[in-house]
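Here is the structure we will look at.
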Ligand code: E4P
C-alpha cells in the first residue's frame, strides 16, 4: 500500500518527509483553503519540495465536464505530468474522466461513497478511486467494508484502477486497509505520526538506554563506549 500525505501545509509535509517513506501528497479545495494562499502558490511549493517523481493529487472545482477538462489541462501544465487530476465522481465528472483519460492524463476519481461509483469511475479510465472511509462511517455504513468491496470489484472485473483510500480519522482504519492490500491510502500528518507515537514503545527504548548507560556511563553509546 502506498502512503500519501493528505495535507497542503508545507511545514507538515516537510516534517513527514523527513521521518517517513511516503509516496506523495493529496489535496482538495478545503485543504488548500486552510493555507489561505493562492492554490498554485501552495501547490508549486509542494511540487518543488517533493520532486517531479512523487505523486501530487489536485482537485478540479467546476461543475461541467468541459470546465473540469480545462482545469485538468492547466493543473498538469503548471504542476507536471506526475500530477493526478482529482475529479468528483458525479455525472459531469465521469464525462471529464473519460475525455482526460483518453488524452493520457492521470485521474483520481474522488468523493466516492459507494462501490458502484467506483466501478463507473474505473470504467471511465480513472487510475485511482478514492473512497472516503470516515465520512462513510459517519453515514452509518462501514467505510472499511465499502473500500474492501471496491477492491474486490476491481480485482474480479480485471479493472486496473487502484484504490486511494481517503478521509481517515484513526490508525485502525488505515491498518485494516493495509492488511487488505489496497493500492494506496492518503492520511493526515497527525494520524501518520500517531502510528508510532506510543508510550509503550518509548518506555521500552528508554529502558534499553538506561541499562546501557548503567554499563558504560551517562551519554555513552555504541559510537563512543570503547
Ligand atoms: C481525499 O483526498 C479527500 O479529499 C480527503 O481525504 C477527505 O478527508 P476529510 O473527510 O477528512 O475531509
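Numbering (my numbering), first residue to last: 39 to 264.
Each residue gets a CB set at the ideal place from its N, CA and C atoms; glycine is no exception.
*So is the beta-carbon of residue 258 under 8 Å away from any non-hydrogen atom of the ligand E4P?*
To locate residue 258, count along the chain shown from 1; it is residue 220. No, the beta carbon of residue 258 sits no closer than 8 Å to any heavy atom of the ligand E4P.
_Between the alpha carbons of residue 107 and residue 139, how many angstroms are there, rounded?_
Numbered from 1 along the chain shown, position 69 holds the residue referred to as residue 107. Numbered from 1 along the chain shown, position 101 holds the residue referred to as residue 139. Near 10 Å, if we compare the C-alpha coordinates of residue 139 and residue 107.
*Cα separation between residue 84 and residue 252?*
Against the chain shown, residue 84 aligns to sequence position 46. Against the chain shown, residue 252 aligns to sequence position 214. Looking at the backbone, the Cα of residue 84 and that of residue 252 are separated by about 46 Å.
*Count the CB pairs spanning the segment 108-128 and the segment 145-152 that are closer than 8 Å, and state whether there are at least three.*
At 8 Å Cβ cutoff, the stretches touch.
*Along the beta strand (DSSP E) that carries residue 44, what are the first and last residues, could you check?*
The residue labelled residue 44 in the question sits at position 6 within the chain shown. Element bounds for residue 44: 40-44.
*Can you list, in chain order, the residues of its chain whose CB lies under 6 Å from that of residue 219, leaving out five sequence neighbours each side?*
The residue given as residue 219 occupies position 181 in the chain shown. Cβ within range, chain order: n/a, list empty.
*Which residues in the same chain as residue 48 place their Cβ atom closer than 6 Å to its Cβ, once the five residues preceding and following it in sequence are excluded?*
By one-based count along the chain shown, residue 48 stands at place 10. Taking C-beta separations shorter than 6 Å and ignoring five residues to either side along the sequence, the partners of residue 48 in its chain run 83, following chain order.
*If you run the structure through DSSP and keep just helix, strand and coil, what is residue 89?*
Counted from its first residue, the chain shown places residue 89 at position 51. In the three-state reduction of the DSSP assignment, residue 89 falls in the coil class, being assigned neither a helical nor a strand state.
_Whole-angstrom C-beta distance between residue 142 and residue 94, which should lie under 8 Å_ = As a working mapping, residue 94 is identified with position 56 in the chain shown. As a working mapping, residue 142 is identified with position 104 in the chain shown. Not quite, the Cβ-Cβ distance comes to about 17 Å (not below 8 Å), so this is no contact.
*Is the distance from the Cβ of residue 206 to the Cβ of residue 199 below 9 Å?*
Looking up residue 206 in the chain shown gives position 168. Looking up residue 199 in the chain shown gives position 161. At a Cβ-Cβ threshold of 9 Å, residue 206 and residue 199 do not count as neighbours.
*According to DSSP, what are the bridge partners of residue 123?*
Translated into the one-based positions of the chain shown, residue 123 becomes position 85. Here residue 123 is bridged, per DSSP, to 96, 145.
*asked:* Classify residue 234: buried if its beta carbon has 16 or more other beta carbons within 10 angstroms, exposed otherwise.
replied: By 1-based counting over the chain shown, the position of residue 234 is 196. Exposed, by the Cβ-count rule.
*Assuming residue 169 contacts residue 54 under a Cβ cut-off of 8 Å, what Cβ separation, rounded to an integer in Å, is found between them?*
As a first step, residue 169 is located in the chain shown; it is residue number 131 there, counting from the start. As a first step, residue 54 is located in the chain shown; it is residue number 16 there, counting from the start. Residue 169 to residue 54, Cβ: 22 Å. No contact.
*Indicate whether residue 188 and residue 167 have their beta-carbon atoms separated by less than 9 Å.*
What you label residue 188 is simply residue 150 of the chain shown in a count that begins at 1. What you label residue 167 is simply residue 129 of the chain shown in a count that begins at 1. Pairing residue 188 with residue 167 gives a Cβ-Cβ distance under 9 Å.
*Relative to the C-alpha of residue 203, which residue among 114, 158, 186, 160 is closest?*
For this step, residue 203 is matched to residue 165 along the chain shown. The residue among 114, 158, 186, 160 with its C-alpha nearest the C-alpha of residue 203 is 186.
*asked:* With the cut-off set at 9 Å, would you say residue 163 and residue 135 are in Cβ contact?
replied: Looking up residue 163 in the chain shown gives position 125. Looking up residue 135 in the chain shown gives position 97. Cβ atoms of residue 163 and residue 135: closer than 9 Å.
*Output yes or no for whether 9 Å exceeds the beta carbon distance between residue 80 and residue 65.*
For the purposes of this step, residue 80 is taken as the residue at position 42 of the chain shown. For the purposes of this step, residue 65 is taken as the residue at position 27 of the chain shown. The answer is yes: Cβ separation under 9 Å.
*Is DSSP giving residue 160 helix, strand or coil here?*
Position 122 of the chain shown holds residue 160. When DSSP states are grouped into helix, strand and coil, residue 160 belongs to the helix group.
*Going by the CB atoms, is the gap between residue 194 and residue 165 shorter than 9 Å?*
The residue given as residue 165 occupies position 127 in the chain shown. The residue given as residue 194 occupies position 156 in the chain shown. Contact: no.
*asked:* Quick check on residue 121: buried or exposed, where buried means 16 or more other Cβ atoms within 10 Å of its Cβ?
replied: On the chain shown, residue 121 is found 83 positions in, with the first residue counted as 1. That one is buried.
*Just how far apart, CA to CA, sit residue 50 and residue 241?*
Position 12 of the chain shown, counted from the first residue, corresponds to residue 50. Position 203 of the chain shown, counted from the first residue, corresponds to residue 241. If you draw a straight line from the Cα of residue 50 to the Cα of residue 241, it is about 26 Å long.
*If you compare alpha carbons, which of 222, 197, 237, 201 is closest to residue 43?*
Counting from 1 along the chain shown, the entry for residue 43 is found at position 5. Closest in C-alpha terms to residue 43, from the list 222, 197, 237, 201, comes 222.
*Determine the DSSP secondary structure at residue 58, reduced to helix, strand or coil.*
Mapped onto the chain shown, residue 58 falls at position 20. In the structure shown, residue 58 sits in coil (DSSP, three-state: anything other than H, G, I, E or B).
*Alpha-carbon spacing of residue 210 relative to residue 201, whole angstroms*: Indexing the chain shown from 1 puts residue 210 at position 172. Indexing the chain shown from 1 puts residue 201 at position 163. Whole-angstrom Cα-Cα distance: 17 Å.
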